[in-house]
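One rule links them: number in this note's numbering = place in the sequence shown (from 1) + 41. The C-beta atom is built at its ideal place from N, Cα and C for all residues, glycine as well. Below is one structure; the comments refer to it alone.
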Amino acid sequence: MASETMDPMLAEPVFILENGEMYRNPTEVKMSQIVLPCHANHCGELSSGQLLKWMDSTACLSAERHAGCCCITASVDDIHFETTIGIGQVVNITAKVNRAFTSSMEVGILVSCEDLFSDRQWKVCHAFATFVGRRTEAGKVHLKQVIPRTQAEQMEYSLAAERRRMRLIHAETIIDLLSSCSSQTVSEHLDYQDAVPAERTRVESVELVLPPHANHQVSTFGGQIMAWMENVATISASRLCNAHPILRSIDMFHFRGPSHIGDRLVLKAIVNNAFKKSMEVGVCAEAYQGGEPLRHINTAFMNFEVLDNDRKARTLPRIRPEPVDGKRRFQEAIARKKIRLDRKYIISCKQSEVPLSVPWDPSNQMYLSYNNVSALKMLAARTNWVLTSEKNKVSLYTLEENQILCFKVETHVAMAAEKVFLLLSDLRRRKAWDHHYQECEVITDPHEDDTIYRVVTPSVTKGGKDQEFILLASRRRPCDSGDPYLIALRSVTLPAYPPTEDYNRGEVLCAGFSIWEEESSFTKISYYNQATPGVMPYISTDIAGLSSSFYCTFASCSAFLEGNKDSLASLPTSTL
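Shown next as structure tokens:
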């Protein structure tokens, strides 16, 4: 476990590792800027575009420090701006590489604000950007791996693989969800007499890319492009409300091609939809030189609010979309708002704030799966587990944090990790070794890596009702050779399976298996559970030292695995 101190000369976080070594993350880069009038908007607050430029520059320097070569911005995840920053205040930006893949890396960016007069600091936003090492004369860049040294770094390293997976399937998921809503009618929104025609909010602007706008690779700064896009989006939003809007969030976006010095960058923006107290503005950036055709650089969706004198969000005018494409953008904005709320509700909230059971539907499947696996990874990354009991190499650990009790059971089996993963992935087979699983059936397979099960467990009291669980099981293979196999479990709710009088509805907040291959045919299995009222009765006597049923269960699990390691061909196709 590392402890943190501060080097008074450098004012950067220094960690003291368990072996006493002083450690500072080698990829960490910090930028501090005092906000001057030239950086501010009409309200005396830091322009969001200027902040995006600073964030991109800091993240790029961190990426290049790790890669040892020039890097370019490939994508930026959702950004939620929690507060604004005023003139005279200091912006502190910290960026560090969380994980490197073959040729790309994830950089975490934390922005905070500092008031020099009151000595207060507060968070402004947290973002993740993906950078790619620029191809050299020697060919494609192969990045060295990041070696996490602290618990926080290990957690971010592990979660980065899950965020990467979500980015890779994000575009496909969005297309599927938008196409499913395209047939819905919008006529009910078109008859408002006071609606503002969307055409009035259309903005088009051109920028000539000059040397000050480019980086040391003569490519246009990604942050500069984002700043120009924010500028036209703000003008578009202002035309709807006849006021000065505040940028609240930017949806995940990808840079689809580079821009260079001498390019003419054409920026177009229009309000796609106005909700009660927020609006979505779509922005497109295209580039050309001379008589060549336009090249698509980027498309982004920015969300604005207008504040009243009390800094509360003001009700916005309705908008009347243009025919054909305008109606499509109007409807898609409604779908994106639903997706945006799912992402913020499921992904951005702290784990302690996530409800025990979250409603599942196709629009939030990707984010529930992400949250499911991320919660298990965060639990597994804890280092302060306490050994409670041990019997015949089966160990029970406990961890109490924030008045929540978690437990971990750990054992080893003499077989390959992949075979263990395949056998444990299908919960229907768990009845063969866990006497708590009386019934288990598949409700649906929404994705090749996700399955929803109905599980029935025996009553915890004599003569009481059995417990029923609706569980989302999310499976992950290793992203790299040093990663474990994962099977994450959490409760969800389905309209077709409401609670009934025949069963007590149990809930699982976070549970699952982490499967590590220590040798070619020797595997460590760790089972985690963040105990909820529905789970605690099954394990309480073990934690109190009054029984060792956990040993019997996992000894049975080991016997099941070793007895079935040659029967993988009989597993369902969805599990394999």
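Mind reading off the beta-carbon distance from residue i to residue j? Whole number of angstroms is fine, and I expect it under 8 Å.
i, j, result
"Glu482", "Tyr494", "7 Å"
"Cys84", "His211", "About 33 Å separates the two Cβ atoms, so there is no contact after all."
"Glu69", "Ser103", "7 Å"
"Thr171", "Ser145", "6 Å"
"Ala136", "Val148", "5 Å"
"Leu77", "Ile126", "Actually they are not in contact, since the Cβ atoms of Leu77 and Ile126 sit about 12 Å apart, beyond 8 Å."
"Ala12", "Val312", "The structure shown does not extend to residue 12, since the chain spans only 42 to 617, so no value can be given for it."
"Gly553", "Leu527", "7 Å"
"Trp401", "Leu550", "Trp401 to Leu550, Cβ: 15 Å. No contact."
"Val165", "Val152", "4 Å"
"Ile338", "Ile215", "Not quite, the Cβ-Cβ distance comes to about 19 Å (not below 8 Å), so this is no contact."
"Phe601", "Trp474", "4 Å"
"Ala326", "Ile266", "6 Å"
"Ala124", "Leu184", "Note on residue identity: the sequence assigns Thr, not Ala, to residue 124. In fact, because the Cβ distance is near 34 Å, the residues do not count as touching under 8 Å."
"Asp491", "Gln406", "7 Å"
"Cys154", "Val132", "6 Å"
"Pro364", "Arg370", "Contact flag wrong, Cβ pair sits at about 11 Å."
"Tyr538", "Ile484", "7 Å"
"Glu548", "Ser398", "5 Å"
In the DSSP output, which residue or residues are listed as bridge partners for residue i?
i, result
"Lys309", "Glu245, Cys325"
"Phe172", "Thr114, Met146"
"Arg516", "Ile528"
"His121", "Ser290"
"Glu480", "Val497"
"Phe462", "Looking at the DSSP assignment, Phe462 forms no beta bridge with any residue, so it has no partner."
"Tyr592", "In the DSSP output, where bridge partners are listed per residue, Tyr592 has none listed."
"Gly127", "Glu86"
"Val152", "Ile134, Cys166"
"Pro487", "Paired residues: none, contrary to the question."
"Phe342", "Gly323"
"Leu348", "Ala354"
"Gln372", "Paired residue(s): none; Gln372 is not in a bridge."
"Ala141", "Met146"
"Arg361", "Pro238"
"Phe296", "In the DSSP output, where bridge partners are listed per residue, Phe296 has none listed."
"Lys565", "His453, Trp557"
"Val533", "Val399"
"Glu509", "Val497, Arg546"
"Thr492", "Ala514"
Report yes if the C-beta distance between residue i and residue j is below 8 Å; otherwise report no.
i, j, result
"Val324", "Leu308", "yes"
"Leu281", "Pro358", "yes"
"Thr555", "Pro525", "Here the sequence assigns Ser to residue 555, which means Thr is not the residue at that position. Cβ distance < 8 Å, so Ser555 and Pro525 count as in contact."
"Val414", "Ala529", "yes"
"Ile287", "Glu346", "yes"
"Lys94", "Gly298", "no"
"Ile511", "Val497", "no"
"Arg122", "Arg384", "The residue asked about is misnamed: residue 122 is Phe in this sequence, not Arg. Contact flag unset, no."
"Val250", "His301", "yes"
"Glu140", "Ala201", "The amino acid occupying residue 140 in the given sequence is Arg; Glu does not appear at that position. It is a contact, given that the beta carbons lie within the stated cut-off."
"Leu446", "Tyr438", "no"
"Val454", "Thr594", "no"
"Pro540", "Arg531", "no"
"Ile120", "Ala168", "yes"
"Ala376", "Met270", "no"
"Val273", "Ala328", "no"
"Ala457", "Glu558", "yes"
"Ala596", "Asn433", "yes"
"Ser430", "His488", "no"
"Gln330", "Gly367", "no"
"Thr261", "Ala268", "no"
"Arg628", "Ser466", "As shown, the chain starts at 42 and ends at 617. That puts residue 628 outside it, with no answer to give."
"Lys418", "Lys606", "no"
"Val187", "Val259", "no"
Say yes only if the C-beta of residue i is nearer than 7 Å to one or more non-hydrogen atoms of the ligand SAH, and no if none qualify.
i, result
"Arg175", "For the structure depicted, the ligand SAH is absent and the ligand set is empty, with no information on it obtainable."
- Does the count of Cβ pairs from the stretch 416-433 and the stretch 190-207 closer than 8 Å reach three? With a cut-off of 8 Å, the stretch 190-207 and the stretch 416-433 count as touching, because enough Cβ pairs lie within range.
> At a cut of 8 Å, does the stretch 162-180 reach the stretch 112-126 through at least three beta carbon pairs?
Replying inline: Here the stretch 162-180 makes contact with the stretch 112-126; the two share three or more CB pairs at distances below 8 Å.
What residue ranges within the stretch 382-457 form continuous alpha helix (DSSP H) runs of no fewer than 4 residues, ordered along the chain?
Runs found: 406-421.
Within the stretch 156-218, ranges of the alpha helix (DSSP H) (whole runs, at least 4 residues): Those alpha helix (DSSP H) runs which fall completely within the stretch 156-218 and span 4+ residues do not exist here.
Check your understanding: What are the complete alpha helix (DSSP H) segments, minimum 4 residues, inside the stretch 62-121?
Key -> DSSP runs (the alpha helix (DSSP H)) wholly in the stretch 62-121: 89-108.
Start-end ranges of the alpha helix (DSSP H) lying completely within the stretch 241-285, minimum 4 residues
If we require 4 residues or more, the alpha helix (DSSP H) runs fully inside the stretch 241-285 come out as 263-282.
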